[in-house]
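Asks: Mind looking over this structure? Questions follow.
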Amino acid sequence: MNTRTISGEREFTWKKFFLQWEWMLVLILISIFMMNSSISPYFFNFINIADATMTFLDKAFIVFPMVMIMIMREIDISVGSTVALSSVVMAMLYNAGLPIGLAIAACLLTGALCGFLNGYLIVRYKELSAVIVTLATMILYRGIAYMLLEDQSAGGFPDWFSYFGWGYVGTIPFILVLFVAFAVIFTLILHKTVFGRHIYAIGSNSKASRFSGVKVDRIKLIVFTLAGLTAAITAIFLTSRMGSTRPNVATMYELDVIAMVALGGISTAGGKGKMTGAILAIFIVGYLQFGLGLINIPAQMLLIVIGLLLIISVTVTNLKFKVKKKKTVGHPQQKNVS
Amino acid sequence: MKRFVNLGLLMSLLLVFLAACGSNQPAEGGDGKAKHAVVFKNTGNPYGEKEMEGFKNAIEDLGGEAILRAPDDPSVEDQVKIIEELISQQVDSIAVVANDYDGLEPALKKAMNKGIKVLSLDSAVNGDSRMVHVNQADPEAIGRTQIEAVSEMIDGKGQIAILSATSQASNQNLWIEWMKKELEKPEYKDIELVKVAYGDDLRDKSVSETEALLQSYPDLKAIVAPTTVGIAAAAKVITDKGLIGDVVVTGLGLPSEMAAYIENGATPWMYLWNPLDVGYLAGHASHSLVEGDITGEAGDKFKAGELGEYEIIEGEDGTEILLGDPFRFDKENIEEWKEIY
Amino acid sequence: MGDRLMEKQSILSVIAKHREAGLIGFIIILSIVFQLLNPKFLTIGNLANLITNTTILIILAVGMMLVLITRGIDLSIGSTLALSGMTSSLFVSAYPGLNPLLAILLGIMVGIICGIILGYLVSIIGILPIIASLGLMNVYRGLTFWSSGGGWVSAHQMPASFKGIATSSFLGVNTLILIAIAIFLFFYFFVNYTITGRQIYAVGSNPESAEITGINSKKILLLVYTIMGGLSGLAGVLWVSKFASAQGDTASGYELTVIAACILGGVSIAGGVGRITGVLLGAILLGILDNALPLIDVSPFWQMGIEGGIILFAVLFNVIVNRAVQQNELARRVV
Amino acid sequence: MNEMVLELRDITKEFPGVKALDSVQFELKRGEIHALMGENGAGKSTFIKVITGVHTPDDGEIFLNGEKVDISNTKEAQKLGIAAIYQHVTNYPHLSITENIYMGHEKINKKTRKIRWKEMHQDAKKLLESLGSNLDPKTTMGSLSVAQQQIVEIAKALSTDANIIIMDEPTAALTHRESKELYRITEGLRDDGVSIIFISHRFEDMYRLADRVTVFRDSEYIGTWNVDGISNEKLIVAMVGREINQLFPKKEANVQEELLKVKNLGQMGRFADISFTLHKGEILGITGLVGAGRSELSQALFGIEPYDSGEVYFHGKRVEIKNPSDAIQLGIGYLPEDRQEQSLILDWEIGRNITLSCLEEISTKGWLNERKERSIAKKLAEKVNVKTGSIFNPAKSLSGGNQQKVSVAKLLTTDLEVLIFDEPTKGVDIGAKSAIYEIIVDLANQGYGVILISSEMPEVIGLSDRIAVMCEGRITRVIAKEEATQEAILEAAMSKERTVSAS
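Residue numbers (this note's numbering), protein chains in the order written: chain R, 1031 to 1368; chain A, 408 to 748; chain C, 43 to 377; chain W, 1015 to 1517.
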């Protein structure tokens, strides 16, 4: 047997490059900008475009770890409740006399603990799917928030605390600056590190990953903890924007976040999707809502539009995928025998 | 690739369609009309629809443009978002029916900093985040009338319970406090308040809370529900269980919803203010603020169309405009009112 | 010592094998505790309340079980429920002379249409159920608000016959309970004694084998979501009739309660597993918590936390028992 | 009456881009066992799916008892009396045996359409008994062993009154003893007049059972022979298209110092008192019947399901192995039994698959170095001679044998010293088999210590320096290469006596 040479250089074609879901999202985003500018005279100026990000970026922080979770074929539907619980803990500790810095730290810690508990239960009791575990903790965490604060609201933070949600760096909202930093870091982690590669491996074939020495349990634990931590970050921004908090804040945030991730092209079947897609999806949903808000569209229309956007875009990816599949997967065994 | 382009076209089409929908709305900003916005708690609430309608009537009478907004569920987050959108549209005034007393403060302060006049109506925001509050009823008056009514219905003695909402909107808690204060008076010494239950303003929860009250307190004589969802649920339970006459229900309710129960006697009578008037008064207040007729200081006076003249007074937290005493709905007048709201 | 080990093992394996028995045991223990804390708990009146209030949950949980067995999930049922409730009540308020049966049929039809749309997206287009139903959840909710023009349909707008659907009784038993019993019996027969019923399990247990056996899994999926839609539609009419009020935000978030009932009842999210009796008990357990916690004066703000804790406990308990059984079996194998 | 129950003429089936069957022929006599052989990808699976109606052929004719028939779906095939037992067990793990048997042709009450459970349970019980099994038909399928599931599959085929039964690799997952049981059942069926198409990679199966053999290669029909009229070599040439001179390459006898030492290793309920040593350059075969604990032992050594008693020494130093990454860190590599489930990520490129277990080494502080990754992947893919054009092709585009080569390549990325091969040639055709043997021996010659776990006795005997035989979780005998015969191994595999540790 003579050894053959196997190509080690990746073929690059423009067609393949442009045939990525992310370009479709870019196209949609541009259309939304065009639509917004045409329907409202108030949209297209720098201040409003920048300020708009303040209205939708709070929950966007959870999108980053959620992308990782969904790539790993897991899901976390407790994040909304985690936001509520960590926000309530922060407000209560501050009102109980703790310095604000420590209260913020406690908020982050609470979030991380919630996420860690999710991850721990999922890793320790593999018979339980993440849906079951996080459904239970979703009810539990919000329940604890209610136990703590009942139907009160807590707030009275120092003035500078509102900087998180309302402050600017120059003319750019602080939240946008932090978001961009997170986006860069998480994108690099997912696509350029061993950790990220392992996440894809786990989502594509968890067993094979474990057999290949990937520390599956540890990675899941870390990512779920990250989800809790970012939920706490969301809690800080949300609380800062409202100046006070209550146990029922951030209801249904989990579904908003999952919708953004799905729109971004990350399939819940695991192993597929890119961080950039999810980031684009955040802005698509955000600016669509903002633009329609500027023309005072009724809330019910907004619901329908967002729902249809999700369904249509996923249908589109699905059809695209099906066509591709027909072409290549006939009988894998028969192919490439030579 | 072709398919891809097609999809792109499809998407753009969808967006154009949306744009077309959108442009039906009056969105032109440059015609010099003052723009007054009102933000209610949530959409799909007939009480809110009436309140916003009253606001709109006032604004249109005065030649302005009214923007009516409400999030799809009663959350502070979404109200903040809407306020931000209104700021971007450079409206002249924002009137809010708040989902939280403090939660809108930063958003409304930002609006005020941009020169927008801010007031609250019905469910208030704190004194720092508004110029004035349009109070549909004096909490003291509500607490007093409720207790007077229930006392009259049960002849001044027996167990009563309160079925409240979540009471986060601060109103219910305040009224309940006033009710408790009223109950301390000697003439009510035979009335015992056994429990304050919370139905969270959800139908099913309010029903099971009412059932629990009836189970736990077989001698219960009356349920006071100072919330529209709660009173309807309680009256329904009493009707279904055939307890009409044994247990009375009163409180604050919508005439349209409660007509059936007032007619069948589950609720002999109840109270509410007219949400059209609340909105109407708020509309005039918005206009006067924008015109500079009033600044929101105590002592300012303005004319509110057919409602007459109002004076701003000092409230517990910030200044207020009081609409008046709550209105009594009974068998005599319910026929006429149930069609209105 | 050896005997005791065997005994312990057998008790555990009984619990593991008969999950329903475990649930019943848990329900009995809870009932005793509640009864001790408030003697009014086990009275005919209260039990009637309890069952009546649980019927809608039972009806929905039965449908959700079928969906979960096929490895799917339906998050849109709360919205479907609201939409069908709103449509039928708008209809009866416009035509008060209408036979209430027609109103029920109309509600079911609306539900079925909603279900077919979801079923189509899942089975034919191949969108993942969680995403498709999430999208439709928003759409149906929006349509509900839109169809009512922002208003409610309230008690006086509904004819007595319509409100009577939920409050009337037959042979001294509330109609709602009768409907739930009928549905339970029908689906008990359906999943256990009909070919189509078994095919639902087959598709969930192993889709590839189902294909080879010649089962049309697309048809089965479509059917399952249609049934779920139809049941949500029915539940919508019952809900609106029961509370005599149709609102835009009716049953918002209720889908998660339904899923929780199924999970408590032993339905596996991974598909193929689930028994209708288990689901019934799961729903009743949640019903008991809802009914009894207010009775024993638990602060309303503690209810949610307690419910979450109990769900988590029940799920973990099941896993731990199963593991113990496996360990025991291994230990019995002498190596 | 026609002697042929089933005839297929000039069957062609194309999938987009692939011709899976190119005008193939097949004849099946009444009451014969007909072996169908060929390498993976020769078109056997597609061929079966044509007969059972899963695929409709693009061209060609099918005759049943001399009459031309169209089989357009599986139901029709069933009606015609054709049943298949597929290679990958296709059952419903959550459902009962009865249901698995009767799925698709349930017994129902004609009037009420109600399923008659009682009758089905009884009939299932009878069917199982006729196959010599006393399984309770109400047991759930998932709790059965592979061999038991196989029996249920046969019962299922019988329940449809099939007179043509196709068995696709039924012995692949069975032990020697279980295979014998299967032979008995199959022969019994033949004697009852059932015609059987038997597909297997094992020559042993064919010689033992079949009357005639048909060979496919590269989607084409090669020929049909009487089993007693064809030699082993000729058959291999027919299947592979070339001669394979020597299946087992010669191994240098350069066993060196001790590498791995295991003392009294145990895991509750799975294995106990396992002791052996492995030297550099040695191939230690571990064999035994299925359920003897071979795979469990190897997985424990690799940290997948950690052992709970005993000691492991590596280079004379005591070590703890709690998870696979511990094992890899130490220098122990593992080639899993099920490459599609446990080793490869089929959707991924070949290159990424190869580097998955060594990402830590080729990255700097956690950041990937894609250039380095590519060059390593290319080098290793060429080293194990994967038949592909580019390391960016997906792993699922490869044949079974080549997928296995990629799995082997994964082991070569890191600095390993001990390699555990768990059934390395399972489901691999004969051409790729010899390539894999070559790689294994080559690795041992390079100084790796190799543990070879296999249920194929010729393989164990042909490759190993020493053979440890396990029975019911314990090592019953260690046999040196010179003394290794099939009989000796079998005897040890069935004995319950324990012998001294293999040091």
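All residues carry an ideal CB built from backbone N, CA and C; glycine is no exception.
Let's test the definition: count the other Cβ atoms within 10 Å of the Cβ of Glu-1501(W) and tell me whether it reaches 16, buried, or not, exposed.
Replies: exposed
Asks: Just list the residues that DSSP pairs Gln-579(A) with in beta bridges.
Replies: None, per the DSSP bridge assignment.
Asks: Nearest-angstrom Cα distance between Asn-1066(R) and Glu-492(A)?
Replies: 13 Å
Asks: Would you tell me roughly how many angstroms separate the C-alpha atoms of Ala-1175(R) and Leu-1115(R), rounded to the nearest one?
Replies: 5 Å
Asks: In three-state DSSP terms, what is Arg-476(A)?
Replies: strand
Asks: Using a Cβ cut-off of 8 Å (strictly closer), state whether Met-1084(R) contacts chain A.
Replies: yes
Asks: Under three-state DSSP, which class holds Leu-1142(W)?
Replies: DSSP places Leu-1142(W) within a helical segment (H, G or I) once states are collapsed to three.
Asks: Let me check understanding here. Comparing Cα to Cα, which of Thr-1428(W), Val-1432(W), Ile-1453(W), Asn-1079(W) lies closest to Pro-1438(W)?
Replies: Ile-1453(W)
Asks: Would a check of beta-carbon distances place Gly-1118(W) closer than 8 Å to chain C?
Replies: yes
Asks: Which residue or residues does DSSP assign as beta-bridge partners of Leu-1433(W)?
Replies: Gly-1347(W), Val-1464(W)
Asks: Rounded to a whole number of angstroms, what is the C-alpha to C-alpha distance between Ile-1076(W) and Asp-1084(W)?
Replies: 7 Å
Asks: Quick one: list the residues of chain C neighbouring Pro-1107(W), beta-carbon separation under 9 Å, in chain order.
Replies: Ser-247, Asn-248, Gly-314
Asks: Please tell me whether Tyr-605(A) has its Cβ less than 8 Å away from any Cβ of chain C.
Replies: Flagged as an interface residue toward chain C: Tyr-605(A), by a C-beta distance shorter than 8 Å.
Asks: Write down every uninterrupted run of the alpha helix (DSSP H) in the segment 1196-1241 of chain W whose length is 4 residues or greater and which is fully enclosed by it, in chain order.
Replies: 1217-1223
Asks: Roughly how many angstroms lie between the CA atoms of Val-1335(R) and Ala-473(A), to the nearest whole one?
Replies: 24 Å
Asks: In the DSSP assignment, the beta strand (DSSP E) including Asn-1278(W) goes from what residue to what residue?
Replies: 1272-1281
Asks: Quick check: what's the CA-CA separation for Gly-522(A) versus Asp-700(A)?
Replies: Approximately 15 Å, taken between the alpha carbons.
Asks: Across the segment 1302-1309 of chain R and the segment 1320-1330 of chain R, are there enough close Cβ pairs to call them in contact, namely three or more that are closer than 8 Å?
Replies: no
Asks: Tell me the residue span of the alpha helix (DSSP H) that contains Phe-1328(W).
Replies: No alpha helix (DSSP H) holds Phe-1328(W); the beta strand (DSSP E) holding it covers 1323-1328.
Asks: Does the beta carbon of Pro-1438(W) come closer than 8 Å to any beta carbon on chain R?
Replies: no
Asks: Any beta-carbon of chain W closer than 8 Å to the one on Ala-1299(R)?
Replies: no
Asks: Between which two residues does the beta strand (DSSP E) carrying Gly-271(C) extend?
Replies: Unbroken run through Gly-271(C) is the alpha helix (DSSP H), 259-285; no beta strand (DSSP E).
Asks: Of all the options Thr-1083(R), Met-1100(R), Ser-1037(R), which has the alpha carbon lying nearest to the alpha carbon of Ala-1299(R)?
Replies: Met-1100(R)
Asks: Can you give the Cα-Cα distance for Cys-428(A) and Val-603(A), rounded to whole angstroms?
Replies: The predicted model places Cys-428(A) with a pLDDT of 48, which falls under 50 and marks its position as unreliable, so this point remains unresolved.
Asks: In this structure, how does DSSP classify Thr-1217(R) when only helix, strand and coil are distinguished?
Replies: Reduced to three states, the DSSP call for Thr-1217(R) is helix.
Asks: May I ask you to list the residues that DSSP assigns as paired with Trp-676(A)?
Replies: Beta-bridge pairing links Trp-676(A) to Asp-737(A).
Asks: In three-state terms, what does DSSP make of Gly-429(A)?
Replies: Reliability fails at Gly-429(A), whose pLDDT of 46 lies under 50, so the model's placement of it is uncertain and the value that follows must be treated cautiously. DSSP places Gly-429(A) in helix when its eight states are reduced to three.
Asks: Over the uninterrupted beta strand (DSSP E) stretch that includes Met-560(A), give me the two end residues.
Replies: Taken as a continuous stretch (DSSP letters only), Met-560(A) belongs to no beta strand (DSSP E), being part of the alpha helix (DSSP H) at 546-560.
Asks: Based on the DSSP output, what are the partners of Cys-1485(W) in its beta bridges?
Replies: Arg-1488(W)
Asks: Are Thr-1275(R) and Ala-1133(R) closer than 8 Å when you measure CB to CB?
Replies: no
Asks: What is the DSSP secondary structure of Met-1051(W), counted as helix, strand or coil?
Replies: strand
Asks: Note down, in chain order, every chain R residue with its Cβ under 7 Å from the Cβ of Phe-343(C).
Replies: Tyr-1176, Met-1177, Glu-1180, Asp-1181
Asks: Less than 7 Å between C-beta atoms, sequence neighbours within five positions excluded: which residues of the same chain meet that for Val-1244(R)?
Replies: Hits under 7 Å: His-1228, Ala-1231, Ile-1232.
Asks: Going by CA-CA distance only, name the one from Leu-147(C), Leu-132(C), Ile-237(C), Thr-268(C) that's closest to Thr-255(C).
Replies: Taking only the C-alpha atoms, the option nearest Thr-255(C) is Ile-237(C).
Asks: May I ask you to list the residues that DSSP assigns as paired with Ser-1389(W)?
Replies: None, per the DSSP bridge assignment.
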